[in-house]
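Let me begin by presenting the structure, written as structure tokens, before commenting on it.
2 protein chains.
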Amino acid sequence: MNALRPDSRPLYAQTEAILMRRIAEGFWAPGSMIPPEPDLAAELGVSPGTVRKALGGLERRRLIERRQGRGTFVAAHTSERALFHFFRITALDGQRRAPTSHVLECATVAASAEEAQPLGLAAGAALHRVKRARLIAGAACILERIWLPEARFPGFALPVGREMTDELYVLYQRDHGVTIARAEERLAAIAAAPDDAGLLGLEEGAPLLEIARIAFDLQDRPVERRVTLLDTAAHRYIANLD
Amino acid sequence: MNALRPDSRPLYAQTEAILMRRIAEGFWAPGSMIPPEPDLAAELGVSPGTVRKALGGLERRRLIERRQGRGTFVAAHTSERALFHFFRITALDGQRRAPTSHVLECATVAASAEEAQPLGLAAGAALHRVKRARLIAGAACILERIWLPEARFPGFALPVGREMTDELYVLYQRDHGVTIARAEERLAAIAAAPDDAGLLGLEEGAPLLEIARIAFDLQDRPVERRVTLLDTAAHRYIANLD
DNA sequence: AAGTGGTCTAGACCACCGT
DNA sequence: CGGTGGTCTAGACCACTTT
């Protein structure tokens, strides 16, 4: 029948946890269809209504997509999705445009204490470190530094000096099985350092928007740190409060 | 039975709209209890499950609060709620502290074209204009300019020069029947103007985080514009992406 | 004890999609 | 057409709060 019961959480929450685990472990691959609701209900020994409520939770967290008449699918990190949910920068008129990337540096190093801490690693752990510039409509307005734990991204490397249009989160999922589920950002205004100012074509000391992000995977473990510097002469960071 | 049917939306959505309308129009006052689910179902001629789904939608949008064993209540803008949902500034250690306010200017003026546009008003419409400083833990780190349409806030005024601890959104709801349901923010980094720098105890040209907000009421009409300038020496703006 | 929202079930029927 | 998710119903029972 079901092995769920000796757990104090509601049945639908336990069901959601089981399904979520299957997605996280790759039992159902990104993009693939999961069984119909009645099948899941029978397999897990709960009523269809309970499965429905569980799927509703996964859908709200964007782990699955349900399409009437077609089925329910494990969410895949498409460029559109990454762009829409995880890229909060628009032009002044509110237009969202896909940026391109130009990798400046990509290296694997031993983490300093300061680098290790935000990712929950021990000092000295292997870390990939990336620096890149991003262009929107041809203008370099973003500088980005990214840190990735080697343990989660074995052999990670990006081609230095080449133009990239793919979103990194699509690549993380496709090449390393890491799905970014959510992120926390802390914003500040800073004065541009000389080298960063040069890369962005600004005066030293020009105001820049600094966006410090920690991104988490499906199990809510921190898997990426990135610090973005944005020239807000022609762009804005947007947020919705509700 | 029910007057809902000749509408293509699902029953639960129509039910949600009816209940939402009652809240927006003040038929049920903020803080008051609304009838039990079975009563609503009987009154509206739908099943209890449909009412439940409608209430679920209102709860997600934080228009109501449901408490098991007690009842369902129209959400009131408490200071805690305003602080938690609409105040995204924390200290560097992540601590959230309630700011106090010091009103510098409060006047009623005719809107310029630039002031009228974001609020969807005609140029020349009456507008309340407020400028205030906000202190966190005794330190002045925030400057704020606020614009309110006179039509929605008749007779609005704040005491200049006195310390305020109440959140404005609590006051909007209590004194003017305006409930803020959501807000959009656009962020940029700017260089401090001479007078603003003076008020914050900074050098002219110091980087400041500019937060431009439009706040919307229950019917999704823009009712407040505010521009916040934050000194990010000791504070951060936080955002969650999911 | 009475009254409230929360959970869980079972089933009918609708709307949409692909073949 | 068969299969999928979406809607709607009706009712039993549980957990919590107040009297």
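Protein chains in written order, with the UniProt record's numbering: chain A, 1 to 242; chain B, 1 to 242. Don't be surprised by glycine CBs; every beta carbon is placed ideally from N, CA and C. Computed from a predicted structure; not experimentally measured.
Range of the contiguous beta strand (DSSP E) that encloses residue i
i                      : result
residue 79 of chain A  : Taken as a continuous stretch (DSSP letters only), residue 79 of chain A belongs to no beta strand (DSSP E), being part of the alpha helix (DSSP H) at 79-86.
residue 194 of chain B : Premise fails: residue 194 of chain B lies in the alpha helix (DSSP H), 194-200, not in any beta strand (DSSP E).
residue 143 of chain A : 139-149
residue 71 of chain B  : 71-74
residue 90 of chain A  : 89-91
residue 129 of chain B : 126-136
Span separating the alpha-carbon of residue i from that of residue j
i                      : j                      : result
residue 5 of chain B   : residue 28 of chain A  : Note that residue 5 of chain B has pLDDT 44, beneath the 50 cutoff, so the model's placement of it is unreliable and the number below is only indicative. Taking the straight line from one Cα to the other gives about 41 Å.
residue 237 of chain B : residue 131 of chain A : 24 Å
residue 113 of chain A : residue 128 of chain A : 15 Å
residue 42 of chain A  : residue 48 of chain B  : 26 Å
residue 194 of chain A : residue 203 of chain A : 8 Å
residue 246 of chain B : residue 59 of chain B  : Chain B is shown only over 1 to 242; residue 246 of chain B falls outside these bounds and no answer can be derived.
residue 207 of chain B : residue 228 of chain B : 13 Å
residue 214 of chain B : residue 118 of chain B : 8 Å
residue 156 of chain B : residue 24 of chain B  : 21 Å
residue 38 of chain B  : residue 116 of chain A : 55 Å
residue 190 of chain A : residue 175 of chain A : 35 Å
residue 150 of chain B : residue 183 of chain B : 19 Å
residue 210 of chain A : residue 144 of chain A : 10 Å
residue 232 of chain A : residue 200 of chain B : 22 Å
residue 16 of chain B  : residue 53 of chain B  : 8 Å
residue 142 of chain B : residue 161 of chain A : 41 Å
residue 46 of chain A  : residue 7 of chain A   : 15 Å
residue 74 of chain B  : residue 125 of chain B : 32 Å
residue 235 of chain A : residue 86 of chain A  : 16 Å
residue 68 of chain B  : residue 93 of chain B  : 35 Å
Residue i in three-state terms, based on DSSP
i                      : result
residue 31 of chain A  : coil
residue 60 of chain B  : helix
residue 42 of chain B  : helix
residue 158 of chain B : coil
residue 114 of chain A : helix
residue 167 of chain A : coil
residue 203 of chain B : coil
residue 227 of chain B : strand
residue 222 of chain A : strand
residue 51 of chain B  : helix
residue 3 of chain B   : Note that residue 3 of chain B has pLDDT 43, beneath the 50 cutoff, so the model's placement of it is unreliable and the number below is only indicative. Residue 3 of chain B falls in the coil class under three-state DSSP.
residue 66 of chain A  : strand
residue 182 of chain A : strand
residue 241 of chain B : strand
residue 121 of chain B : coil
residue 236 of chain B : strand
Chain A within 8 Å of residue i, Cβ atoms only
i                      : result
residue 85 of chain B  : yes
residue 185 of chain B : yes
residue 12 of chain B  : no
residue 232 of chain B : yes
residue 242 of chain B : yes
residue 36 of chain B  : no
residue 171 of chain B : no
residue 222 of chain B : no
residue 99 of chain B  : no
residue 209 of chain B : yes
residue 191 of chain B : yes
C-beta neighbour in chain B for residue i, strict 8 Å
i                      : result
residue 228 of chain A : no
residue 50 of chain A  : no
residue 188 of chain A : yes
residue 236 of chain A : yes
residue 239 of chain A : yes
residue 67 of chain A  : no
residue 116 of chain A : no
residue 24 of chain A  : no
residue 181 of chain A : yes
Residues near residue i in its chain [Cβ-Cβ closer than 6 Å; skip 5 each side]
i                      : result
residue 164 of chain B : 101
residue 22 of chain B  : 28
residue 146 of chain B : 130 and 226
Span of the alpha helix (DSSP H), counted from its first residue to its last, around residue i
i                      : result
residue 15 of chain B  : 11-24
residue 217 of chain B : Looking at the DSSP string, residue 217 of chain B is not in any alpha helix (DSSP H); the run it does join, the beta strand (DSSP E), is 207-217.
7 Å CB neighbourhood of residue i in its chain, flanking five on each side removed
i                      : result
residue 217 of chain B : 178, 179, 180, 181 and 223
residue 123 of chain B : 111, 112, 113 and 116
residue 107 of chain B : 129
residue 99 of chain A  : 134, 135, 136 and 142
residue 198 of chain B : none
Cβ-based neighbour list, residue i, same chain, cut-off 8 Å, excluding 5 preceding and 5 following
i                      : result
residue 137 of chain B : 91 and 97
residue 170 of chain A : 77, 78, 79 and 82
residue 173 of chain B : 30, 76, 77, 179 and 180
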